[in-house]
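Before any comments, here is the structure.
2 protein chains.
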Amino acid sequence: MQRIVSGDIKMNNETPAISDAEIQSLNAWWRACNYLAAGMIYLRDNPLLREPLKPEHIKRRLLGHWGSSPGLAFAYIHMSRLIVKYDLDAIFMAGPGHGAPGVLAPMYLEGTYSEVYTNKGEDEDGMRRFFKEFSFPGGIGSHCTPEMPGSIHEGGELGYSISHAFGAAYDNPELIVTVMVGDGEAETAPLATSWHSNKFLNPVRDGAVLPILHLNGYKINNPTILSRISHEELEDLFRGYGWTPYFVEGSEPLEMHAKMAEVMERCVLDIRRIQQKARASGKPVRPRWPMIVLRSPKGWTGPSEVDGKKVEGFWRAHQVPISDVKTPEHFALLNEWLNSYHPHELFDEKGRLRPELKALVPKGIRRMSANPHANGGLLRKALRMPDRQQYAVGVEKPGTSLAENTRPLGRFLRDILRENADNFRVFGPDETSSNKLDNVYEASRKTWMADMLPEDAGGGELSPDGRVMEMLSEHTLEGWLEGYLLTGRHGFFSTYEAFVHVIDSMFNQHAKWLAMSRDVHWRAEVSSLNLLITSTVWRQDHNGFTHQDPGFLDVAVNKSPAVTRIYLPPDANCLLSVADHCLQSTDYINVIVCDKQKHLQYLDMDAAIKHCTKGIGIWDWASNDQGGEPDVVMASAGDIPTKEALAATVLLREHFPDLKIRFINVVDLYKLAPSSEHPHGLSDRDFDSLFTLDKQVMFNFHGYPWLIHRLAYRRTNHKNMHVRGYKEKGSINTPLELAIQNQIDRFSLVIDVIDRIPVLHVAGAHVKEKMLNRQIECRNYAYEHGVDLPEEDAWVWPY
Amino acid sequence: MQRIVSGDIKMNNETPAISDAEIQSLNAWWRACNYLAAGMIYLRDNPLLREPLKPEHIKRRLLGHWGSSPGLAFAYIHMSRLIVKYDLDAIFMAGPGHGAPGVLAPMYLEGTYSEVYTNKGEDEDGMRRFFKEFSFPGGIGSHCTPEMPGSIHEGGELGYSISHAFGAAYDNPELIVTVMVGDGEAETAPLATSWHSNKFLNPVRDGAVLPILHLNGYKINNPTILSRISHEELEDLFRGYGWTPYFVEGSEPLEMHAKMAEVMERCVLDIRRIQQKARASGKPVRPRWPMIVLRSPKGWTGPSEVDGKKVEGFWRAHQVPISDVKTPEHFALLNEWLNSYHPHELFDEKGRLRPELKALVPKGIRRMSANPHANGGLLRKALRMPDRQQYAVGVEKPGTSLAENTRPLGRFLRDILRENADNFRVFGPDETSSNKLDNVYEASRKTWMADMLPEDAGGGELSPDGRVMEMLSEHTLEGWLEGYLLTGRHGFFSTYEAFVHVIDSMFNQHAKWLAMSRDVHWRAEVSSLNLLITSTVWRQDHNGFTHQDPGFLDVAVNKSPAVTRIYLPPDANCLLSVADHCLQSTDYINVIVCDKQKHLQYLDMDAAIKHCTKGIGIWDWASNDQGGEPDVVMASAGDIPTKEALAATVLLREHFPDLKIRFINVVDLYKLAPSSEHPHGLSDRDFDSLFTLDKQVMFNFHGYPWLIHRLAYRRTNHKNMHVRGYKEKGSINTPLELAIQNQIDRFSLVIDVIDRIPVLHVAGAHVKEKMLNRQIECRNYAYEHGVDLPEEDAWVWPY
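Those protein sequence lines, which keep their order, are chains A and B.
Residues 11 to 809 in the numbering used here are what the first sequence lists, from first letter to last.
Residues 11 to 809 in the numbering used here are what the second sequence lists, from first letter to last.
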């Protein structure tokens, strides 16, 4: 065995030839895969065709996707060959949709599947069960779901294979991530830009990604774009993306094996040469990484025609190539097809893969299906965390001093970067500075492997060694982060609130992955995905209406309560406390909403930790109900809504000194949900003791107001809860003016309270008028001067 | 004037030279633009610098984005020159974020701005107002918002300029869409794949898109990828995408004008040659369309250094180049910079652009700012609609026959395609057939300009003349459709429910565009965006958990009630009725949820029209309360939930013959919202008369259940509304088994009713047990056979 890792590569530019015997063996192994893939779709019994095929052996409902399976298994065995030859550390990702049969088959043949699912052994009975459960209720999916060993990329929603692959490769210098990209998938937006990930991979410290673009030719019902442009355009495209494409094209299996063996070995050797050179010099320059374009027929080795219509090499091979097997002609065709793989030559009398074929593939954790990187929790080390206390903002007195909420977090992240230099990265779409997290650059620059210019020295903060990942693609960043986490590392992603919707669907899919993973006994816990949503709706100022959308939370709450957490820290210390907690958690998606601008600070660090640990609480200093029953409850969640609610509280106390007000702040949004619906939900008793059984509750919320009703509609006092939030009213606004438009402002809240408490109606009439006048003044001032009324803008807590 | 349109082009391959005098004029016009762009950011008074600049002339808060403005105006004037020279019909889209100053300036200079906003006239006072209102409360945004004449692309969220441009160009054979693409924007996922739109544009019948990739060099805080790869890679990339890139690179204005004039003229002539050739031959082949790469300094002509730090040509020029103008040095620098444009040379004593400069640009609707394509409602013709009755599914008796819900719609769309052959297209991401809309291909094939193979004839349904748009990119399709609608045409988009989240953010932005447009007095109404969400959560069968997500509705309801409409037709005829209505509506986004599989049919066409027109109603045939007060209300929204609710109704009637059940079906989801919140909302009186004041209501819902609470929480009887829906529980499931997992199944509903109605508790105990047993049987049967219990699967309405 010839182990090639950085530093000890000794080879010239020639790729060793592959012998005919080896080709025959590879082909046999591949035939076994293809047989298994077909078997999964069709057979519920007689898995080895020991007896003549009968209708009762065939599944009643034929489900599955044959089209991309042979190509996937083809690439898998060729990579496995090189793992054995060079003792490579490699994993495999399947981008093509519904590609599971092409990956399940190799994983079963490698024995991993039987190891984790012991009732699907490597024998005839195990194979029967393995076939039956495929795409079957209670069984395994037609995507590479979390239940599949070796998988960290499901591919149910297309577009993320390359970004996941890069995420896995970062900071894993010896790892090669083999990633099949479907040519359908390649049309998606996220995939199209993710090819540029090569400008963010440093050959000195990162591993390698070996993409195999599978020009399978067809999607469900259409040819693919990349299979229908000229060879020249295709080559230009990938050279333009910065890759060196190698082409493996054809359909005759033995010839294709010879080509693939040669090309893939060349690619692996290229990768090691690039790494060796970079690591020897210590000076990383962006190489042209190799990639493979595999053009093979869709449904390769399947039936070439059914009913006189082309199937192999056409879109009809996408799913089940012979869909109705009840007619004698179709049945005969299926029989002929399945037997064409000669399963008896591949499996022994017990149904085990023959030893000479078994010997072809790697052993133990070198099997791509058993590589611990694909069960990253096994490799995960806890983050070394500096003491959050050191980053605290001093708060002498609540609500009297200002700070940028996110800046202390930037310092915290900086030191986490310093103390975890090989397994923690910070992600943001060109917004890390804008989001005031730029202190992170003191620990690490921005990863940059594209060209540098002299002026970059003067504040560009770019470096091949950077660990801050910035590209103007939320999709790519999210994909990188997911791949990084699923391989056992840690990360933090900050992004603008309105544009986090760009990755709604990626969030959904990752949440589903995590929820499923929790039920997979052999999957170890991975670090949570930490998402800071900042530059929020209330402080868009001149950015206008397009930048106002707090609706990501409405997407988040639909996902499994086992994996979703939502926090709205009202100030800098609370944000530190929340982030500290989230960064140490596992298997969640933590959504943290906190604005980056200067805001009032309320809690010192001890109080913040206490408050955030509870997740919800009465702020005694802002309440005057002295622990007794209040006349009205003022509640808030989010920074600006909290400030406005506090300002309203002061106005109320000024105008109605006898009114007893309880002030509640919510950090952990799920506290509002019933405890039966979410593990963080307050018991009804606790909820009632906070929100009372029958008092008026004004709830000032960061997001769309209905979310609070959705969470709290079952609570005793829900009928008295009046929620204010963003109501899709905005343009270019000053902060207070925007608040007024959406009625979360201090004046509107005072009016609300007066309107809802009958004893205030008479005495409150003139107060209401005053409030309405203040609103008009504010608006007029904003339209005249472009800023809020100075006295309201400078508001502080007076008591 | 030399008019070049298809058919009468007579030119050789030479580009006419531009004279020095013309260059000087163009440069003066451009200087005027740059002056205005700087003025918008800085000046609140003294707009023409007639008196020496004083601090009080400067805005208190400096907002805006200078960086990309000069490049935008540069391209604008060069296109304007060619419009004049060749009488072109052209519009302009600004992709770069916050690019408004670079487009507002030319629009003001063209006079269009003053025409629509008469208080911002072409004089000193108008200019002062024009400056002041920029990025100012109550004013105009820093993006190309709907308030801006000539704009149909806001660019607040980045990534859609190219797809919008193609959407505008389709079926507009004479139109040239000039589209600036920011190099930051070019990193986004949607932009990266949208370059492939050239495989879907037919030079015979469609117009042209002339992209100008603006290599401005920097984003907010980082260089851009495309500006930091080699010239060779960049050229390869665009050649690979199928374009012919022409490079205009430099910083010296006069040289750059000469280069740009030459290159742009060459591009326009190339476009016309391509079109002429294709139209003369009638045989469209995919040409290599020209595009321009404009590499110019960020913040071009702005201050080169501030405080010794590089500004022009660096990311510091992104927003306000001199941010603090209170120091004497900065004030002097600003003064020098503003005066460097010599405004007195450009504007006359009244503040009007000097006539010789005014003469440079097109007149009337040839001005890009006044082109009616950019106010597409002006050009919109109503769709010619066939009678929906012809497509009706026969329904003898409710709930007894099956049909694929979407298939009749496919026939309806086919005939709409036939009758509106120049202004209607159907969009779907490779799923039109999968979604059972394939009858549309009888009227029109799929647009395809990439390579064709012999086998495409046998069912590929591809053609350069196709009007069914299929690419595996929801982003690109949505962008095309938006561009198509905003230029006055009609369309229909169908997509898988789970993956419509891919375009959540595009939906949000389009909804915001429409909501703003309603307040712009001069914008004419455009056709609604019609989105059919199908392949829904309840019928994913073997696709599994990744394909189960009905949460798009939760995104939709956050947007302005003025523009959002949501329909859940329960069967094929209702879908026809809803689609018929939506296709004729304007200025909405109509979200229609309906599955593609075979489902029970309930209403004949007359009944369907009646029901859908009301949007909500009692189904008398399914109720046994005889118009009196029921004991329980069974309500449903969505196809599968309706079937299950009906099946539960039958079980209840069998077991409790005296129980009076009212059955309500909801098609128009907003009927549930208060009438104060949404124009479709029922009055409380009407709601109460349907849902009663105090009876138990079981609501079986298609989506996540909380959405119903969100809409109905203020209703009188809300406390008795029990909603069932998808609760994020699923894997590979048979339909009924998935329903059981999420408790929307017939058995769970019966149990719910028994549990909630005390008089049923005793008699119901054995019924509950029976229901629980049926659930277990169903699950066991599914796990054994892979299908539902035949007797439950074949359930029909028995009365």
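Backbone N, C-alpha and C fix where the C-beta goes; we use that ideal spot for every residue, glycine too.
Predicted, not measured: the structure shown is a model, and the values here were computed from it.
Short Cβ contact (8 Å threshold) for residue i with residue j
| i | j | result |
| --- | --- | --- |
| Val772/B | Lys705/B | no |
| Ala115/A | Gly151/A | no |
| Asp461/A | Ile230/B | no |
| Met190/A | Phe248/A | no |
| Leu344/B | Tyr123/B | no |
| Leu578/A | His712/A | yes |
Inter-residue Cα distance where the pair is residue i and residue j
| i | j | result |
| --- | --- | --- |
| Thr410/A | Val806/A | 5 Å |
| Pro200/B | Gly169/A | 11 Å |
| Gly250/A | Gly74/A | 36 Å |
| Glu687/A | Tyr86/A | 43 Å |
| Val15/A | Ala100/A | A caution first: Val15/A carries a pLDDT of 43, below 50, which makes its placement in the model unreliable, though a value can still be read off. Their backbone Cα atoms lie some 12 Å apart in a straight line. |
| Gly361/A | Asp133/A | 4 Å |
| Cys788/B | Asp798/B | 6 Å |
| Pro307/A | Ser314/A | 10 Å |
| Arg417/A | Asn449/A | 7 Å |
| Gly17/A | Ser538/A | With a pLDDT of 38 at Gly17/A, under the threshold of 50, the predicted position of this residue should be treated as unreliable, though the coordinate-derived value follows. In a straight line, the C-alpha of Gly17/A is about 35 Å away from that of Ser538/A. |
| Ala196/B | Ala431/A | 31 Å |
| Phe701/B | Ala525/B | 32 Å |
| Gly177/B | Cys154/B | 18 Å |
| Glu480/A | Phe673/A | 40 Å |
| Thr652/A | Leu661/B | 51 Å |
Continuous beta strand (DSSP E) stretch holding residue i: start and end
| i | result |
| --- | --- |
| His609/A | 608-611 |
| Phe102/B | 99-104 |
| Glu167/B | It is not in any beta strand (DSSP E) - Glu167/B carries neither H nor E in the DSSP assignment. |
Residue i burial status per 10 Å Cβ neighbour count (16 or more: buried)
| i | result |
| --- | --- |
| Tyr809/A | exposed |
| Asp466/A | buried |
| Glu513/A | Note on identity: in this sequence residue 513/A is Ile, with Glu being the wrong assignment. Counting Cβ neighbours within 10 Å, Ile513/A comes out buried, since at least 16 surround it. |
| Gln12/B | Because Gln12/B sits at a pLDDT of 45, beneath the cut-off of 50, its placement in the model cannot be relied upon, and the following sentence gives the value as read from the coordinates. It is exposed - the Cβ of Gln12/B has fewer than 16 other Cβ atoms within 10 Å. |
| Asn433/B | buried |
| Val295/A | exposed |
| Ser291/B | exposed |
| Asp397/A | exposed |
| Gln785/B | buried |
| Pro233/A | buried |
Which listed residue (the options) has its alpha carbon closest to that of residue i
| i | options | result |
| --- | --- | --- |
| Leu542/A | Leu419/A, Glu315/A, Thr254/A, Leu388/A | Leu419/A |
| Leu58/B | Ile281/B, Cys43/B, Leu72/B | Cys43/B |
| Ile281/A | Ala290/A, Arg298/A, Ala271/A | Arg298/A |
| Val436/A | Gly501/A, His383/A, Val403/A, Asn381/A | Gly501/A |
| Ala369/A | Gly292/A, Arg91/A, Gln753/A | Arg91/A |
First and last residue of the uninterrupted alpha helix (DSSP H) at residue i
| i | result |
| --- | --- |
| Trp39/A | 30-52 |
| Gln285/B | 263-291 |
| His732/B | Careful: His732/B lies outside any alpha helix (DSSP H), inside the beta strand (DSSP E) at 731-734. |
CB contact check: residue i to chain D, cutoff 8 Å
| i | result |
| --- | --- |
| Thr203/A | In the structure shown, chain D cannot be found, because the protein chains are A and B. |
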